[in-house]
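Comments concern the structure below.
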Amino acid sequence: MLEKFYPDEYVDSAYSIDFKTLFDMGYRGILFDIDNTLVEHGADATERAKNLFVKLREIGFSVCLISNNQKDRVERFNKDIQANYIYNAHKPSTKNYFKAMELMGTTPKNSIFVGDQLFTDVYGAKRAGMTSYLAKPIDSKEEIQIVLKRYLERIVLHYYRKHLSNKHKDGSNYENSNH
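Once you know that position 50 of the sequence shown is 50 in the numbering used here, the rest is easy, because the numbers rise by one and skip nothing.
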């Protein structure tokens, strides 16, 4: 039951993803959450964020910001990024994941979502049929409603790690039996 919340990949940071390899694998679009994925909650685009989007465009990616925040917040972040964006996205509803892919000219098969929350970002991406990356939150200081969700996320992530560990053990047992 919890598997519907499991990310396809769990990374330390959105900035640690090997985007060039993903492009070589055939991915063409990347959807990003903003707060606590690319910058601290409420922060403007940092040099690091600006450089990431320059790099992604150089590689050949289409990009789109998809946020549950209001228009002024998303536009303020996007001022120096100049990406497609969707505000007030109502994640995990899939409607705006599909709208973002339409804006980028991509499909669920060649798009990736990168976000910091399981119950909105990852769950919505999985429901839309996309590859999902869960990035560890940039900052531990968060709004109260997110703090409460983080407690539940810890439970899901516990079972996710257990799932990965069992998957790894199964693979190891299989490999060892062939020697």
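Ideal Cβ positions, reconstructed from N, Cα and C, are used throughout, including at glycine.
- Annotation: the continuous alpha helix (DSSP H) that includes A125 extends over 123-127.
- When the five nearest sequence neighbours on each side are left out, the beta carbons in the same chain lying within less than 6 Å of the beta carbon of A125 are those of F113, S132, in order along the chain.
- Cα atoms of V39 and L134: separation of roughly 15 Å, rounded to the nearest angstrom.
- Annotation: the continuous beta strand (DSSP E) that includes I66 extends over 62-66.
- Distance from the CA atom of G60 to the CA atom of V156, rounded to whole angstroms, is 34 Å.
- Contact between N69 and D116 does not hold, since their C-beta atoms are separated by about 13 Å, which reaches or exceeds 8 Å.
- In this model, H163 and T21 are separated by some 25 Å (Cα to Cα).
- By the 16-neighbour rule on beta-carbons within 10 angstroms, K91 is buried.
- I81 and A45 do touch by the CB rule: their CB atoms are close to 5 Å apart, below 8 Å.
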